[in-house]
Each structure stands twice: as structure tokens, then as C-alpha cells.
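The sequence shown begins at 368 in my numbering and counts up one residue at a time. Note that CB positions come from ideal geometry on N, CA and C, so glycine has one too. Being a predicted model, the structure only gives us computed values, none of them experimental. A short write-up of the structure that comes next.
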Amino acid sequence: MAATGETKMHQRPDGRTYATLRPLSSSLSMLTRADGSAKFSCGQTSILAAVFGPIAPRIESHAHMSRAKISVVISKRSCLTHNNTGNVQEMEFFIANALSACIMTEQYPRTIIEVVVEVLKGDGSILATTVNASVLALMDAGIMMRSLPIATTCVISNNSIIKLDPTADEELEDGSASVVLVTESNINAAAPMIKDGGNANLIGSTTFGLCTTPEKFLACVEAASRASSAVVAFMRLALEQKLERESVTLWSDS
């Protein structure tokens, strides 16, 4: 993503401007026993997500009669040494809420869709990258979704500079605040869904560190909205490449 205005003049230790994402990479259908899986990396932060379901719950009382229940489990093997985005239970709750807002749960009544994630390597933006890995795994599993919840992390430094997609070192800077935002994006277009007021449809957010001002929070929402377009475009490309490979394999075997 290209920066505009005065942000072009400022570079971070890794060479990025304040408004630039780290390089994205992914692999799909890595796990044969899962219904869908994805490895999603943003810079040095790498997440493996697996989807199981929709399946019947082990305990009938745990099911919803009219919709699916979304369960998120973060593996105990996860590398969370430098995590700056809350404890594991808070992360699981946040991710499940973001996914539930966009999955067509009414299409899968009395079932559970379980998402199991493992943080393979953490170097900042762990929670946001985990949300995005989960979304890609759900798409790989063919789960019906009305929209895509795309997560972005912004760090507000002690001198009020907003840095997109921070590294672990940037998140741990003295006096900084981390803001994780989930915006709703259209599945069929690499663009965020916009409310009547002209702002991106924000479906979840959480803040860590010092409290920020409403003005800075809205600036983070705007930055997250721009970043989500790049992430959705990347996800679409990853799925298209997977389908092309499967098509070639299918015709080669026939």
C-alpha cells in the first residue's frame, strides 16, 4: 500500500512507511484432516488455522436450534511470548465474535463450526493476523459467509503517530497504544462495506495500552479500512490460484 502526504517522508526500521502493511503470504488446504485450513503470514507473524465442521456437538444442549455456534480454540503450542493483545481466552472470544458476525450461521442450525489456530511465529499484529488466517481457512472450507471480517492493527505512538501493522517492537514501545479493528468487507469486491455516513462498517475493536482519543481512534478506523482492501484482494488471489491448481490436477488425472 502506498503512503500519501507527509507519511512518505517517514520510514520505520524495516523500511516501511507508517501506512504500509508488511508482505502477505499464504498456503491453503495444508491439513488433510480439517475441512479447511490456511497458513497466513504477515511479515514474520505466521498463523495456522484449521476449520472443522459444521459438525454435530458432542453435547446436544450446547447447540443452537436455529444457527451454528462458532467456537475458536488457540492451540497451547502457540508462540505467544511477545503477544501484546490480551490473554488467550480474550483472544478466542474476540475472534469468535468477529467470525460470527459474518458467517451465515442460520444455514447450519444445530451444529458447531470449530476454528483451531496456532501461532507459529509472533512478531506483532498477532490478533489481527489470527482473525485473517481464520477467515481464509473458513473460505477454504467453503463455509457460507455474507461478508469478510478483515482485521488490522494500528499502533499509536507516544507522539501520536499512527503505524499500521506494527511489529512486536513497535507494539511494546513506551507510551504506545495498540488498536485492533475488524472491518466488514464485500466478498465479491476488494473494498470495505460502507455505512450511510461514509465510514467503513466496523464490527469489532479492542484497545491495549494507554487510552486513545476519539479522533485518533477514527483515524485508525480509516487506516484499517484502506488496509482491508489490500488484504481482501490478496485472499481472493490466493483462492483463485488454489482453484486453478485444482483444475489443472483434475484435468491431468482424467
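Are the beta-carbon atoms belonging to residue i and residue j less than 7 Å from one another?
| i | j | result |
| --- | --- | --- |
| E457 | I441 | no |
| V588 | L531 | no |
| V546 | T580 | no |
| S404 | A504 | yes |
| L494 | V502 | no |
| G489 | C446 | yes |
| A401 | A417 | yes |
| C409 | T534 | no |
| L622 | D536 | Lying outside 368 to 621, the shown extent of the chain, residue 622 is not represented and no answer is given. |
| I570 | A500 | no |
| I517 | V598 | yes |
Count the other C-beta atoms from every protein chain shown that fall within 10 angstroms of the C-beta of residue i, then say buried if there are 16 or more, exposed otherwise.
| i | result |
| --- | --- |
| R425 | exposed |
| G509 | exposed |
| S428 | exposed |
| E481 | buried |
| G382 | exposed |
| K443 | exposed |
| E613 | exposed |
| E551 | buried |
| L604 | exposed |
| S592 | buried |
| L610 | exposed |
| P380 | exposed |
| E607 | exposed |
| S527 | exposed |
Between residue i and the rest of its own chain, which residues show a CB-CB distance below 6 Å, the 5 nearest in sequence each way excluded?
| i | result |
| --- | --- |
| M471 | M511, R513 |
| G564 | Summary for G564: the model assigns pLDDT 42, below 50, so the residue's position carries little reliability; its value from the coordinates is reported in the next sentence. Closer than 6 Å at Cβ, skipping near neighbours: no residue. |
| K436 | I479 |
| M523 | In the sequence as displayed, the identity of residue 523 is Ile instead of Met. The residues are I529, A544, T579, K583. |
| A430 | P424, R477 |
| T519 | A495, L548, A591, A594 |
| L415 | K406, E485, L487 |
| P421 | A435, Y475, T478, I480 |
| V455 | I441 |
| R389 | C409, G410, D532 |
| V439 | E459, I462, A463, V482 |
Under 8 Å by Cβ, that's how I've got residue i and residue j pegged, so tell me the actual separation to the nearest angstrom.
| i | j | result |
| --- | --- | --- |
| L391 | F601 | 5 Å |
| V498 | I462 | 6 Å |
| V484 | F419 | With a Cβ gap of about 12 Å, V484 and F419 do not count as contacting. |
I'd like the list of long-range same chain contacts for residue i, defined as Cβ closer than 8 Å, with 5 residues on each side in sequence excluded.
| i | result |
| --- | --- |
| A370 | The pLDDT assigned to A370 is 40, lower than 50, so where the model puts this residue is not dependable; a value taken from the coordinates is nonetheless given after this. Excluding sequence neighbours, A370 sits near T384, Y385, A386, T387. |
| S433 | E473, P476 |
| E540 | V522, S524, N525 |
| M397 | S404, A405, K406, L415 |
Note down, in chain order, each residue of its chain lying with its Cβ closer than 7 Å to the Cβ of residue i, except the 5 sequence neighbours on either side.
| i | result |
| --- | --- |
| G576 | S543, A544, S545 |
| Q411 | K488, D490 |
| E538 | N451, G491, V522, S545 |
| A586 | I529 |
| Q378 | T384 |
| N464 | G571 |
Compute every distance between the C-beta of residue i and the non-hydrogen atoms of the ligand SAM, then say whether any falls below 6 Å.
| i | result |
| --- | --- |
| R477 | Annotation note on the ligand SAM: not contained in the displayed structure, which lists no ligands. |
**Request:** Entirely within the region 393-425 and at least 3 residues each: give me those beta strand (DSSP E) ranges in chain order.
**Result:** Whole beta strand (DSSP E) segments, 3+ residues: 403-409, 412-422.
**Request:** Could you pull out every unbroken beta strand (DSSP E) segment of at least 3 residues lying fully inside the region 441-520, listed in chain order?
**Result:** Secondary structure in the region 441-520: the beta strand (DSSP E) runs of 3 residues or longer, each lying completely within the stretch, are 479-488 in chain order.
**Every unbroken beta strand (DSSP E) within the region 516-549, with a cutoff of 3 residues, ordered by chain** = 529-531, all fully within the region 516-549.
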